[in-house]
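For the record, the sequence lines run as chains E and D.
Quick note on my numbering: the first sequence kicks off at 1 and runs consecutively.
Quick note on my numbering: the second sequence kicks off at 272 and runs consecutively.
Just so it is clear, CB atoms sit at the ideal spot from N, CA and C, and this is done for glycine as well.
Just below is one structure, and these are the notes that go with it.
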Amino acid sequence: MGLRKRPLSFYFLAVFFGLFVLFLYGPMIGIFMLSLQGPDGGLTFPLRGFSFYWLGQVFQEQRVGNFVEAFQRSLLLGLAVTVLSVIVSVLAGLAFRSRFRGSSFVFYLTISSLIVPSVLISLGIGIAFQVSGVQTDWFSSGLGAHLTWTVPFAFLIMIGVFNRFNPSYEEAARDLGASDVTTFGEVVLPLIAPSLVGIALLGFTLSYDEFTRTSLVSGQDNTLPLEIFGMTTNVTSPALYALGTLTTVFSFSLIAIAFAAFQFFARRQES
Amino acid sequence: MHKAWKTVQPYLLATPQTLIFLLFLVFPIAMIVIVSFWQFNGYAMVPAFTLDNYVSIFTSKVSVATYVNTFKYVFLVWFFSLALAFPVAYFLAFHIHNQRLQIILFLVCTVPFWTSNIIRMISWIPVLGKEGLVNQLLMGLQLTQQPVEFFLYSDFAVVLGMVHLYTFFMIAPIFNSLMRIDRRLITAAVDMGASGFQTLKEVILPLSAPGIAIGSIFIVTLVMGEFVTVRLMGGGQSASVGKLISTQIGSLQYPLAAANAVILLAVTLILVMAILRVVDIRQEL
Numbered sequence: 001m002g003l004r005k006r007p008l009s010f011y012f013l014a015v016f017f018g019l020f021v022l023f024l025y026g027p028m029i030g031i032f033m034l035s036l037q038g039p040d041g042g043l044t045f046p047l048r049g050f051s052f053y054w055l056g057q058v059f060q061e062q063r064v065g066n067f068v069e070a071f072q073r074s075l076l077l078g079l080a081v082t083v084l085s086v087i088v089s090v091l092a093g094l095a096f097r098s099r100f101r102g103s104s105f106v107f108y109l110t111i112s113s114l115i116v117p118s119v120l121i122s123l124g125i126g127i128a129f130q131v132s133g134v135q136t137d138w139f140s141s142g143l144g145a146h147l148t149w150t151v152p153f154a155f156l157i158m159i160g161v162f163n164r165f166n167p168s169y170e171e172a173a174r175d176l177g178a179s180d181v182t183t184f185g186e187v188v189l190p191l192i193a194p195s196l197v198g199i200a201l202l203g204f205t206l207s208y209d210e211f212t213r214t215s216l217v218s219g220q221d222n223t224l225p226l227e228i229f230g231m232t233t234n235v236t237s238p239a240l241y242a243l244g245t246l247t248t249v250f251s252f253s254l255i256a257i258a259f260a261a262f263q264f265f266a267r268r269q270e271s
Numbered sequence: 272m273h274k275a276w277k278t279v280q281p282y283l284l285a286t287p288q289t290l291i292f293l294l295f296l297v298f299p300i301a302m303i304v305i306v307s308f309w310q311f312n313g314y315a316m317v318p319a320f321t322l323d324n325y326v327s328i329f330t331s332k333v334s335v336a337t338y339v340n341t342f343k344y345v346f347l348v349w350f351f352s353l354a355l356a357f358p359v360a361y362f363l364a365f366h367i368h369n370q371r372l373q374i375i376l377f378l379v380c381t382v383p384f385w386t387s388n389i390i391r392m393i394s395w396i397p398v399l400g401k402e403g404l405v406n407q408l409l410m411g412l413q414l415t416q417q418p419v420e421f422f423l424y425s426d427f428a429v430v431l432g433m434v435h436l437y438t439f440f441m442i443a444p445i446f447n448s449l450m451r452i453d454r455r456l457i458t459a460a461v462d463m464g465a466s467g468f469q470t471l472k473e474v475i476l477p478l479s480a481p482g483i484a485i486g487s488i489f490i491v492t493l494v495m496g497e498f499v500t501v502r503l504m505g506g507g508q509s510a511s512v513g514k515l516i517s518t519q520i521g522s523l524q525y526p527l528a529a530a531n532a533v534i535l536l537a538v539t540l541i542l543v544m545a546i547l548r549v550v551d552i553r554q555e556l
């Protein structure tokens, strides 16, 4: 099999794929390099010296806006969104294993959240809060706005997971006298754990980086993407890139941790 | 008792999710529709019925041109992301036989999607800017004497930025449907004497149509409401309905923004329905 002669199209497509990856990563690697310049570095190439000066500047409050507090807010919001998305989608996923009246209503309601342009969610929640006389805030209206983005993805993953799920394990547990809750905790949960890691990671990163759905409903305080967006208009130094580098490194580490966790749960299932 | 519990159970389990969407999707959109018929004076909205907001949108040359420009973005971004995504997904699905490598390369395409859109936008400045890499290269090669300003803050930059952000939404569904194609169908086509191109056109393309449709729906809905990319990559030069809405909100013209939002939603839904009429995507779930 491995010795089969590769067709010409393979090499052509391999080059195409390589260029595509360069297109995806090239600019980001560019700002990563630019953020490691010396103190007299500028916004464009060529690089001027090497230092961690601009990374340090990010934490100097007066220079670059208040990044630390915005980061804390985004972190907390992301965690809340993650936990809620996982719980809500697992419950709904369980519900969808049996046919119930109104199931297609709930299904299309959830999917339609992906089809409505993000700016509408933001505007709508903003207006709804305003008309109801409630202050918008990142932990109330912002949280709701984020859930309309993360829950549909989580739900679709859960539907896929339970479609492939073999119910005979549960039947065995029940035959041995386990209650619904015990069956879920001891049998179902360990089996779906790797997928839950995936949902959690997706939920967190979607929320952590979300701009459009947050833009009109975050109230007085900015989340990190809003803070960065504000900086794009008034920061004209590599500190902007440095902040980009830092939060990208943070996202990438999360992906790595989640991937390790996924492998851990998956391996434990095999043994 | 037990039987009654079994009937109620799915309803209880689905309740939290249903509530979230009623509260943060249905209710807000209903409010948008209502407010779009309200009046507004300089600083507040007034609950009184009027069609003025819609009339002023349809009679304004600027807003009509903005809608046309938004369609232009949707079409161009859709076209280029499909042109990128199909070969990439095809390469991964049919040319990479080592499953582990296949997963790794797919993840390589996925990873940038997990990071901030705004930072991915900013990262084009040192590439496309007036003193950016592309201009330095062109001037170094003596292809141009003066830096080309058209690369950044232009429609070109907006489309490029959105393709960069959203191509993944095209790759994933196409890859998914390519992976589901029964490989024996391709062997059969080859055995019947089909050329590589014929197999692609007659077998693979029709079977991947649902994936292309799902990707297209994503692209349409993402680009329709876009205003971040339009603002950052277009500078002040480019307009889209999303940006129009955000500008109107900025100047507190909520009823006008709401009317635009209703039209935007209607147009988006029409496009999505049109795609769904062409292909049945339910087989993908």
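- Just so you know, the alpha carbons of Pro477/D and Phe439/D end up roughly 21 Å apart.
- Burial check for Gly133/E: the Cβ neighbour count within 10 Å stays below 16, so the residue is exposed.
- Met504/D: not part of any beta strand (DSSP E); member of the alpha helix (DSSP H) spanning 499 to 505, first to last residue.
- For Met28/E, the residues of chain D that pass the 9 Å Cβ criterion are Pro383, Thr386, Ile390, Arg391, Ser394, in the order they occur in the chain.
- Counting only runs of 4 or more residues that sit fully inside the region 62 to 105 of chain E, the alpha helix (DSSP H) segments are 67 to 95, in chain order.
- Straight through space, the alpha carbons of Leu355/D and Leu284/D are spaced by roughly 41 Å.
- For Val494/D, the uninterrupted alpha helix (DSSP H) segment begins and ends at 476 to 495.
- Setting aside the 5 residues that flank it on each side, Val491/D is surrounded in the same chain by Val345, Trp349, Thr539, Leu542, Val543, Ile546, each with a C-beta closer than 8 Å to its C-beta; the list follows chain order.
- With contacts defined by Cβ atoms closer than 9 Å, Asp426/D and Ser509/D form a contacting pair.
- Sorting Ile159/E, Leu176/E, Gln60/E, Tyr208/E by C-alpha distance to the C-alpha of Ile192/E places Ile159/E at the top.
- In the same chain as Ala319/D, and ignoring 5 residues on each side of it, the C-beta atoms closer than 6 Å to its own belong to Gln310, in chain order.
- The three-state reading of DSSP puts Met463/D in coil, since its state is none of H, G, I, E or B.
- As a beta-bridge residue in DSSP terms, Gln310/D pairs with Val317/D.
- Gln37/E sits in coil when the DSSP states are folded into three classes, being neither helix nor strand.
- Residue Leu243/E holds the alpha-carbon nearest to the alpha-carbon of Thr386/D among Tyr169/E, Leu243/E, Ala261/E.
- With the rule of 3 Cβ pairs closer than 8 Å, the region 186 to 205 of chain E counts as touching the region 166 to 175 of chain E.
- Between Ala95/E and chain D, the shortest Cβ-Cβ separation is below 9 Å.
- Here Asn340/D is buried, its C-beta having at least 16 other C-beta atoms within 10 Å.
- When secondary structure is reduced to three states using DSSP, Trp395/D falls in the coil class, being assigned neither helix nor strand.
- Between the beta-carbon of Ala364/D and that of Phe446/D there is about 6 Å, and that keeps the pair under the 8 Å contact cut.
- Contiguous alpha helix (DSSP H) elements confined to the region 396 to 430 of chain D occur at 396 to 399, 404 to 411, taking only those with 4 or more residues.
- Leu114/E and Met463/D have their C-alpha atoms some 42 Å from each other.
- Contact with chain D is found for Tyr25/E, since one of that chain's Cβ atoms lies less than 9 Å from the residue's Cβ.
- Pairing Trp149/E with Thr214/E, the inter-Cα distance amounts to about 11 Å.
- Taking Met33/E as the centre and dropping the five residues before and after it, the same chain places the C-beta of Leu47 closer than 7 Å to its C-beta, in chain order.
- When Cβ-Cβ separations below 9 Å define contact, Phe446/D makes no contact with chain E.
- At a cut-off of 9 Å between C-beta atoms, Leu476/D does not count as an interface residue with respect to chain E.
- Of the other Cβ atoms in all chains shown, fewer than 16 fall within 10 Å of the Cβ of Gln263/E; this residue is therefore exposed.
- A direct Cα-Cα distance of roughly 14 Å separates Phe421/D from Gly432/D.
- Look at the region 162 to 193 of chain E and you find these whole runs of alpha helix (DSSP H), each 4 residues long or longer: 168 to 175, 180 to 183.
- Listed along the chain, the chain D residues whose CB falls inside 7 Å of the CB of Gly124/E are Pro299, Ile300, Met302, Ile303.
- Residue contact with chain E for Leu493/D: present (Cβ-Cβ distance below 9 Å to some residue of chain E).
- Here Ile452/D carries a coil assignment [DSSP, helix/strand/coil].
- In its chain, beyond the 5 residues on either side, Glu170, Ala173, Arg174 have a beta carbon closer than 8 Å to the beta carbon of Thr183/E.
- With fewer than 16 other CB atoms across the displayed protein chains lying within 10 angstroms of its CB, Phe105/E is exposed.
- Excluding residues up to 5 positions away in sequence, Thr212, Arg213 lie with their Cβ nearer than 7 Å to the Cβ of Ser118/E in the same chain.
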